[in-house]
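*Asks:* When we follow UniProt numbering, the leftmost residue of the sequence shown carries the number 1, and every step to the right adds one.
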Amino acid sequence: MTGENVVERTVDRSEPTVEQLEHEGDVAADFLEELLDIADIDGDLNLDVRQGRAYVSVDAEGEDISVLADPDTVQALQEITRLAVQSKTGSFSRLILDVGGSRDARRRQLEKLVDAAVVKLDEGASQASLPSMSSYERKLVHDIVADRELVSESYGDGADRHTVIRRR
1 MTGENVVERT VDRSEPTVEQ LEHEGDVAAD FLEELLDIAD IDGDLNLDVR
51 QGRAYVSVDA EGEDISVLAD PDTVQALQEI TRLAVQSKTG SFSRLILDVG
101 GSRDARRRQL EKLVDAAVVK LDEGASQASL PSMSSYERKL VHDIVADREL
151 VSESYGDGAD RHTVIRRR
């Protein structure tokens, strides 16, 4: 290939360091502080690094935070915050946002969904499908299912991706 410029593109697939994840959390916290100020909501931000991800939680007293703690709102805020982090750092972010304990509440809801699926299996179904959910929620479901010594797999694409549960 004489005379042609060949550009090799590489994608860094290495896991981020704790320092990079802490920086992600700091950037996310700055963004969320501004957002809370605009919404006139007083909240405390806590930052943590767990399982290769930055975790940012927002806690507040009173009903102000309950509006933001709705699962769909948390998901939207998480995506916006990830974009803000990516814009500032130049790197894709997988940070997790928790608002007012919404993640724990969602895990309890997912446990109930898995329990209902187990009832279907106990009644003779060969498998039970759960509704579509985010990748983070599917991961939680896979963990819950594994704890109950069952098998789960995800099927579908994009917004239609869902989990199917079976016995071993």
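Each residue gets a CB set at the ideal place from its N, CA and C atoms; glycine is no exception. Note that the structure is a prediction, hence the values are computed from the model and not measured.
Can you check which of these residues, Arg53, Asp104, Ala69, Asp122, is closest to Ser93 by C-alpha distance?
*Replies:* Arg53
*Asks:* Nearest to Ala159 by CA position, among Arg167, Ala39, Gln75, Asp115, is which residue?
*Replies:* Gln75
*Asks:* Quick check: what's the CA-CA separation for Leu21 versus Val118?
*Replies:* 37 Å
*Asks:* So, helix, strand or coil for Ser161, using DSSP?
*Replies:* Contrary to the premise, residue 161 reads as Arg rather than Ser in this sequence. Three-state DSSP puts Arg161 in coil, outside helix and strand.
*Asks:* In the DSSP assignment, find the unbroken alpha helix (DSSP H) run with Ile104 in it and report its ends.
*Replies:* It should be noted that the sequence gives Asp, not Ile, for residue 104. Looking at the DSSP string, the run of the alpha helix (DSSP H) that includes Asp104 is 102-122.
*Asks:* Does the Cβ of Ser102 have 16 or more other Cβ atoms within 10 Å, making it buried, or fewer, making it exposed?
*Replies:* buried
*Asks:* Measure the beta-carbon distance from Leu97 to Val85 and round it to whole angstroms, keeping in mind my assumption that it falls under 8 Å.
*Replies:* That pair is no contact at about 11 Å.
*Asks:* Buried or exposed, going by whether 16 or more other CB atoms sit within 10 Å of the CB of Pro16?
*Replies:* buried
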